[in-house]
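Following: one structure in structure tokens, then a few remarks.
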């Protein structure tokens, strides 16, 4: 796991990511936006820390030279929410730090997956100091579309994008378990293969028993193969 943090005097965690190349960190495009002055110009204080379960203690911290955000990223509709952050220097691989293999096949419903992140446990709560993990299950696209549509009326103060199964993958958990603010950009990994199949993109706040929605990594093979460093 990669912890993305920013701040000149006090560094604050805000998103997750995953090491996918010697200098490449995979994350959500909206996380790159949150770490930028304007599109294409990263905050000078933006850093990526790897090799530790406590984002603010230990590990190795890297400066970021630039980003490669998907050219068709749609901020308003949270579509094509994928991008790469490129480190200034090579990431030093070790037993604790190594690139995660990326899925190139469509993952069906019913598969077991694991999500790790430093996201909040409750809405508005603090960022946990230690990395948390969640065992979850993938739901098929049609079911996710239906469940998401049923959930939307329960959140009248929020606006949600459409679920598109060809570019989204969904996971479903019991009430009290799920992603939350701060998990964005973190990796969803298929248990059977150890491959990253998703990137935390959006969901219903928080852990309400409704679907969590991820970028489907296998849908972006061309973008990734063209830009990985």
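Numbering (this note's numbering), first residue to last: 6 to 234.
From the three backbone atoms N, C-alpha and C, an ideal C-beta is built for every residue, glycine too.
Exercise for review: Go ahead and pull the three-state DSSP assignment for residue 157.
Suggested key: Within the chain shown, numbered from 1, the residue matching residue 157 stands at position 152. Note: residue 157 maps to helix in three-state DSSP.
Practice item. List the endpoints of the continuous beta strand (DSSP E) containing residue 72. Key: Here residue 72 refers to the residue found at position 67 of the chain shown. That run of the beta strand (DSSP E) goes 65 to 74.
Exercise for review: Pull up the distance between the alpha-carbon of residue 148 and that of residue 175, whole angstroms please.
Suggested key: Looking up residue 148 in the chain shown gives position 143. Looking up residue 175 in the chain shown gives position 170. So the alpha carbons of these two residues sit roughly 9 angstroms apart.
Point to revise | Secondary structure of residue 34, DSSP reduced to three states | key: One-based indexing of the chain shown puts residue 34 at position 29. If DSSP states are grouped into helix, strand and coil, residue 34 belongs with the helices.
Check your understanding: Taking C-beta to C-beta, are residue 105 and residue 55 nearer than 7 angstroms?
Key -> Counted from its first residue, the chain shown places residue 105 at position 100. Counted from its first residue, the chain shown places residue 55 at position 50. No; because the gap between Cβ atoms is not below 7 angstroms, this pair is not in contact.
Review point. What number of angstroms, rounded off, separates the C-alpha of residue 116 from the C-alpha of residue 156?
Key: Taking the chain shown and counting its residues from 1, the one referred to as residue 116 is at position 111. Taking the chain shown and counting its residues from 1, the one referred to as residue 156 is at position 151. Cα-Cα distance, rounded: 23 angstroms.
Check your understanding: With burial defined as no fewer than 16 other Cβ atoms inside 10 Å of the residue's Cβ, what is the status of residue 178: buried or exposed?
Key -> The count along the chain shown starts at 1 and reaches residue 178 at position 173. Residue 178 should be labelled buried.
Review point. What are the complete beta strand (DSSP E) segments, minimum 3 residues, inside the stretch 18 to 62?
Key: 29 to 32, 41 to 43, 52 to 55
Review point. To the nearest whole angstrom, what separates the beta carbons of residue 216 and residue 83, a pair I think is in contact under 8 angstroms?
Key: Position 211 of the chain shown holds residue 216. Position 78 of the chain shown holds residue 83. Wrong, their Cβ atoms sit about 14 angstroms apart, outside the cutoff.
Review point. For residue 147, which three-state DSSP category applies?
Key: By 1-based counting over the chain shown, the position of residue 147 is 142. Note: residue 147 maps to helix in three-state DSSP.
**Study point:** Sheet register partners of residue 185 (DSSP bridge)
**Key:** Working through the chain shown from its first residue, we reach residue 185 at position 180. Looking at the DSSP assignment, residue 185 forms no beta bridge with any residue, so it has no partner.
Check your understanding: Apart from the five residues just before and just after residue 132, which ones in its own chain have a Cβ nearer than 7 angstroms to its Cβ?
Key -> Position 127 of the chain shown, counted from the start, is the residue given in the question as residue 132. Excluding positions up to five away in sequence, the list reads 18, 123, 125, 187.
Check your understanding: Can the beta-carbon of residue 74 be found closer than 7 angstroms to that of residue 34?
Key -> Along the chain shown, one-based indexing puts residue 74 at 69. Along the chain shown, one-based indexing puts residue 34 at 29. The answer is yes: Cβ separation under 7 angstroms.
Point to revise | Straight-line Cα distance separating residue 218 from residue 204 | key: Within the chain shown, the letter at position 199 stands for residue 204. Within the chain shown, the letter at position 213 stands for residue 218. Computed Cα separation, rounded: 8 angstroms.
Exercise for review: Just tell me which of 69, 202, 99 has its CA closest to the CA of residue 192.
Suggested key: Mapped onto the chain shown, residue 192 falls at position 187. Of 69, 202, 99, the residue nearest in Cα terms is 202.
Exercise for review: Going by CA-CA distance only, name the one from 129, 137, 107, 112 that's closest to residue 121.
Suggested key: The sequence position of residue 121 within the chain shown is 116, counting from 1. Here the closest residue by C-alpha is 137.
Practice item. Classify residue 77 as buried or exposed, calling it buried when 16 or more other Cβ atoms lie within 10 Å of its own Cβ. Key: As a first step, residue 77 is located in the chain shown; it is residue number 72 there, counting from the start. When all chains shown are included, residue 77 counts as exposed.
Exercise for review: Decide if residue 173 is buried, meaning its Cβ has at least 16 other Cβ atoms within 10 Å, or exposed.
Suggested key: Here residue 173 refers to the residue found at position 168 when the chain shown is read from its first residue. Looking at its Cβ environment, which holds 16 or more other Cβ atoms inside 10 Å, residue 173 is buried.
Check your understanding: What is the rounded straight-line gap between the Cα of residue 89 and the Cα of residue 29?
Key -> Translated into the one-based positions of the chain shown, residue 89 becomes position 84. Translated into the one-based positions of the chain shown, residue 29 becomes position 24. Cα-Cα distance, rounded: 6 angstroms.
Check your understanding: At what residues does the beta strand (DSSP E) containing residue 224 begin and finish?
Key -> Your numbering for residue 224 matches position 219 in the chain shown. Element bounds for residue 224: n/a, residue is neither H nor E.
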